[in-house]
Amino acid sequence: MFKKSSSGLYQSTLIQSPSIIHGITTREHGNMQDETNRDALMQSLGISSDRLYVGKQIHSTNIQIITFGDEYAGANTDGLLYKKEDEHECVVLGAFAADCVPMLFFDEKQQIIGAAHAGWTGVWHHMAKRMIERMIEMGSSAHDIHIIIGPHIGKCCYTVDDARIKKFSIAFGPSSVTEKTLNLSVAIRTDARRMGILEEHIDENEALCTSCNDSEFYSYRKLTKETFGEMMAFIGFK
Ligand SMILES: [Zn+2]
């Protein structure tokens, strides 16, 4: 279940740990591709901006594992992972999206967090599965991994051509499509289920379609070049 915090961030009730911070921004936080807006958000959370790591996303399934204190380029990266090794390490990972799907991952037991971005190409190339695989390589067990699927363009609005509907239906099952649209979260859940993630460890709010709710969210399909921006989903250790 998602709740909106007093600071206008969407948050999932899946995360109860006081040591993990997370949220999904809305239009009121501005375009998060803009560094000034990211700095303001981090400041409001009481976290130094240099602790926030974001990728230069290219609709790939490239994943980078962050090391605390490293000089970080993040080029051509759509997924970030981080394992906390020391009590004092404060690292926040962010992923941008506007219609695409922002995803947050965490395994409290192994102290691993992740943030990823996937449009239809990323979903098609199993970004969720790849993030889970990397987490397992880093020490996670599938049944300890939790996934938050952030607001994205829903099955109500994501019209695509027949060929793509057919492809998704075959790869992710008939419930991942409607007659004219894709249901990206069903496709992601299919990947997660196949990897052994528990159903109750996945959270989303299907009512939050970015295109239907474009006064609250940025929508790539609906907005013009002038009004376009991106939200950011973030997760970190305080
Ligand atoms: Zn919609």
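Numbering (my numbering), first residue to last: 197 to 434. We put the CB at the ideal spot given by N, CA and C, even for glycine. Owing to the predicted nature of the structure, the values given are computational and were not obtained by experimental measurement.
Let's test the definition: count the other Cβ atoms within 10 Å of the Cβ of residue i and tell me whether it reaches 16, buried, or not, exposed.
i    : result
R389 : exposed
N227 : buried
D387 : buried
T263 : exposed
R417 : exposed
K199 : exposed
A403 : exposed
G252 : It is Lys, not Gly, that sits at residue 252 in the sequence shown. Burial call: exposed.
S202 : exposed
G392 : exposed
S371 : exposed
G425 : buried
Q307 : buried
If you draw a straight line from the alpha carbon of residue i to that of residue j, how long is it in whole angstroms?
i    : j    : result
E473 : N401 : Lying before the first or after the last residue shown, residue 473 is absent from the chain, which here runs from 197 to 434.
D230 : N258 : 22 Å
I349 : A293 : 10 Å
I254 : Q260 : 13 Å
N272 : M427 : 19 Å
K363 : L277 : 29 Å
E281 : E422 : 42 Å
P214 : Q207 : 13 Å
L394 : A338 : 8 Å
Y354 : E283 : 43 Å
G315 : S415 : 12 Å
F368 : N379 : 10 Å
A334 : G270 : Per the sequence presented here, residue 334 reads as Met, with Ala not at that position. Going by the C-alpha atoms only, they are around 19 Å apart.
T222 : F433 : 21 Å
Using a Cβ-Cβ cut-off of 6 Å (strictly less than) and excluding sequence neighbours within five positions of residue i, which residues of its own chain qualify?
i    : result
D340 : D303 and K305
G265 : none
G275 : I259, A312 and M327
T209 : M197
Taking 7 Å as the cut-off, is the beta-carbon of residue i closer than that to any non-hydrogen atom of ligand 2?
i    : result
S407 : Within the structure as shown, ligand 2 is missing, the only ligands being ligand 1.
Measure the beta-carbon distance from residue i to residue j and round it to whole angstroms, keeping in mind my assumption that it falls under 8 Å.
i    : j    : result
A324 : A429 : That pair is no contact at about 14 Å.
I345 : I398 : 7 Å
S381 : V373 : Going by Cβ atoms, the distance from S381 to V373 rounds to 12 Å, so no, they are not a contact pair.
M299 : I343 : 6 Å
I216 : V319 : Incorrect: roughly 25 Å between the Cβ atoms, too far for contact.
P347 : I220 : 6 Å
Can you list, in chain order, the residues of its chain with a C-beta nearer than 8 Å to that of residue i? Leave out the 5 residues immediately preceding and following it.
i    : result
C352 : T377, C405, S407 and C408
D410 : K418 and L419
Q239 : S245
E375 : I361
Got a sec? Which residues, its chain only, sit under 7 Å from residue i by beta carbon, not counting five neighbours each side?
i    : result
H225 : G204, N233 and L237
H321 : T257
T317 : H255
C296 : H313, A314, G315 and H348
E396 : none
S336 : D303, Q306 and I308
Original post:
Do the stretch 283 to 290 and the stretch 248 to 267 make contact, defined as three or more Cβ pairs closer than 8 Å?
Top reply: The stretch 283 to 290 vs the stretch 248 to 267: in contact.
Original post:
Counting pairs of Cβ atoms below 8 Å between the stretch 323 to 331 and the stretch 356 to 375, do you hit three or more?
Top reply: no
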